[in-house]
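> The structure that follows is given in the form of structure tokens.
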Amino acid sequence: LGYRTEPFFVDEFKNAGAEVLIATDDGSVGTKGTVIDCIKENSLTADSIFACGPMPMLRGLKAFGEENEINTQLSLEERMACGLGACLGCVVKTPDIDGHSYVNNKRVCKDGPVFEASQVII
Numbered sequence: 022l023g024y025r026t027e028p029f030f031v032d033e034f035k036n037a038g039a040e041v042l043i044a045t046d047d048g049s050v051g052t053k054g055t056v057i058d059c060i061k062e063n064s065l066t067a068d069s070i071f072a073c074g075p076m077p078m079l080r081g082l083k084a085f086g087e088e089n090e091i092n093t094q095l096s097l098e099e100r101m102a103c104g105l106g107a108c109l110g111c112v113v114k115t116p117d118i119d120g121h122s123y124v125n126n127k128r129v130c131k132d133g134p135v136f137e138a139s140q141v142i143i
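Here this note's numbering is used: the first residue of the sequence shown is 22, the next is one more, and so on.
Shown next as structure tokens:
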């Protein structure tokens, strides 16, 4: 889990049976740095990465997953004006043309919010 300073929801993850490692930007708890620094410091390996959070972290995890050939799923947060996919206010760029607007994007509200990292350009 990655935080700027103060961790939260740690007990909830532990109670769900997860092994919890923490990274904080300021080093006040766990690894000092990003979640990627924590992964590397602890020599963690995985078949999949599941992530939500700020866009810079998601970009970093996408790149890390690609470099290490790890399936990476990203939960994206965008402003969703209509919530139905009609307004295209929540689109994210993609490498492929979609069938709705015939441009290179997907609607976070309708097609997501979780995407395989290779399906989005962030």
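All residues carry an ideal CB built from backbone N, CA and C; glycine is no exception.
This structure is a prediction, so every number in the text was calculated from the model and none was measured.
Below 8 Å on the Cβ atoms is my contact criterion, and I expect residue 85 with residue 57 to pass it. Report the Cβ-Cβ distance as a whole number of Å.
Here residue 85 corresponds to residue number 64 of the sequence shown, with the count starting at 1. Here residue 57 corresponds to residue number 36 of the sequence shown, with the count starting at 1. About 5 Å separates the two Cβ atoms, so the contact holds.
> Less than 9 Å between the C-beta atoms of residue 23 and residue 44, yes or no?
On the sequence shown, residue 23 is found 2 positions in, with the first residue counted as 1. On the sequence shown, residue 44 is found 23 positions in, with the first residue counted as 1. Yes. Within cutoff.
> Pick from 26, 59, 139 and 47: whose alpha carbon is nearest that of residue 96?
Taking the sequence shown and counting its residues from 1, one reaches residue 96 at position 75. When only C-alpha atoms are compared, the closest one is 139.
> Does DSSP put residue 80 in a helix, a strand or coil?
Mapped onto the sequence shown, residue 80 falls at position 59. Looking at residue 80 - three-state DSSP - the assignment turns out to be helix.
> How do the region 119–130 and the region 99–111 stand: do at least 3 beta-carbon pairs fall below 8 Å, yes or no?
Verdict: yes, contact present.
> Taking the straight line between their C-alpha atoms, what separation do you get for residue 120 and residue 98?
Within the sequence shown, numbered from 1, the residue matching residue 120 stands at position 99. Within the sequence shown, numbered from 1, the residue matching residue 98 stands at position 77. About 22 Å.
> Can you give me the C-alpha to C-alpha distance between residue 53 and residue 47, rounded to a whole angstrom?
For the purposes of this step, residue 53 is taken as the residue at position 32 of the sequence shown. For the purposes of this step, residue 47 is taken as the residue at position 26 of the sequence shown. When rounded, the distance between both Cα atoms is 6 Å.
> Classify residue 26 as buried or exposed, calling it buried when 16 or more other Cβ atoms lie within 10 Å of its own Cβ.
Translated into the one-based positions of the sequence shown, residue 26 becomes position 5. When all chains shown are included, residue 26 counts as exposed.
> Can you tell me whether residue 142 is buried or exposed, with buried defined as 16 or more other CB within 10 angstroms of its CB?
Counting from one through the sequence shown, the residue named residue 142 turns up at place 121. Answer is exposed; the Cβ neighbour count stays below 16.
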